[in-house]
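Right, one structure below, let's go through it.
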Amino acid sequence: MRSAASVRSARVLAQRALQEWELTELLDVVCLCVSELATNALLHGTLPRQEFTLTLTRSADLLRVEVQDCSAGEPRLRQVTANDCTGRGWLVIHELAHDHGVIRNESQKTVWLTFKIPRTSGL
Numbered sequence: 001m002r003s004a005a006s007v008r009s010a011r012v013l014a015q016r017a018l019q020e021w022e023l024t025e026l027l028d029v030v031c032l033c034v035s036e037l038a039t040n041a042l043l044h045g046t047l048p049r050q051e052f053t054l055t056l057t058r059s060a061d062l063l064r065v066e067v068q069d070c071s072a073g074e075p076r077l078r079q080v081t082a083n084d085c086t087g088r089g090w091l092v093i094h095e096l097a098h099d100h101g102v103i104r105n106e107s108q109k110t111v112w113l114t115f116k117i118p119r120t121s122g123l
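Quick note on numbering: the working numbering labels position 59 of the sequence shown as 59, and the sequence is numbered without any gaps.
Pasting the structure below:
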């Protein structure tokens with residue numbers, strides 16, 4: 001994915017997966033985090049004609065979201081003021097996800113998040 005429409009496409013992909021897996025109670029939180037990850041990948045993790053990849057997987061108790069891009073830069077918590085228009089994405093993710101991290105190799109990185117699946121959800 002590689003355009004402003006890519007962020008919307010990533011949210012739609014996440015929404016469809018969550019609906020298919022009957023995880024609609026996670027829909028708002030996961031779609032917000034997917035939007036933040038996709039925006040960060042688009043703005044900071046890709047060069048022209050390069051793309052980012054979104055992957056969602058689930059186990060019995062966890063949903064995992066991964067965004068892979070071609071940047072070595074790692075997301076970090078930033079100090080922001082009330083007047084700042086940007087810089088809160090990783091803070092939002094840090095607060096909403098059960099766990100998160102970064103996997104790096106020579107040419108790319110994968111930012112991953114996990115969310116606990118509520119016990120009421122079916123498999």
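Even for Gly, the Cβ is constructed at its ideal location relative to N, Cα and C.
Please go through the same chain and pick out, in chain order, the residues whose beta-carbon is closer than 8 Å to the beta-carbon of residue i, but skip the five residues on each side of it.
i       : result
Leu-62  : His-98, Thr-114, Phe-115, Lys-116 and Ile-117
Thr-24  : Leu-18
His-100 : Ile-93, His-94, Val-111, Trp-112, Leu-113 and Thr-114
Return the CA-CA distance between residue i and residue j, expressed in angstroms with no decimal places.
i       : j       : result
Ser-9   : Arg-58  : 20 Å
Val-92  : Glu-36  : 8 Å
Arg-64  : Ser-107 : 22 Å
Val-111 : Val-102 : 5 Å
Leu-96  : Val-30  : 8 Å
Val-7   : Glu-20  : 20 Å
His-94  : Gln-79  : 14 Å
His-44  : Cys-70  : 9 Å
Asn-105 : Ala-5   : 27 Å
Go through its chain and collect everything with a Cβ distance to residue i's Cβ below 6 Å, but skip five positions before and after it.
i      : result
Arg-11 : Cys-31, Val-34 and Ser-35
Glu-66 : Thr-55, Thr-110 and Trp-112
Thr-39 : Val-7
Thr-53 : Gln-68
Pull up the DSSP beta-bridge partners for residue i, would you.
i       : result
Asp-61  : Asp-61 is not bridged to any residue.
Gln-19  : Its beta-bridge partners do not exist; DSSP assigns none.
His-100 : Leu-113
Glu-66  : Thr-55 and Trp-112
Go through its chain and collect everything with a Cβ distance to residue i's Cβ below 7 Å, but skip five positions before and after it.
i      : result
Gln-15 : Leu-27 and Cys-31
Leu-13 : Leu-54
Ala-41 : Phe-52, Val-67 and Asp-69
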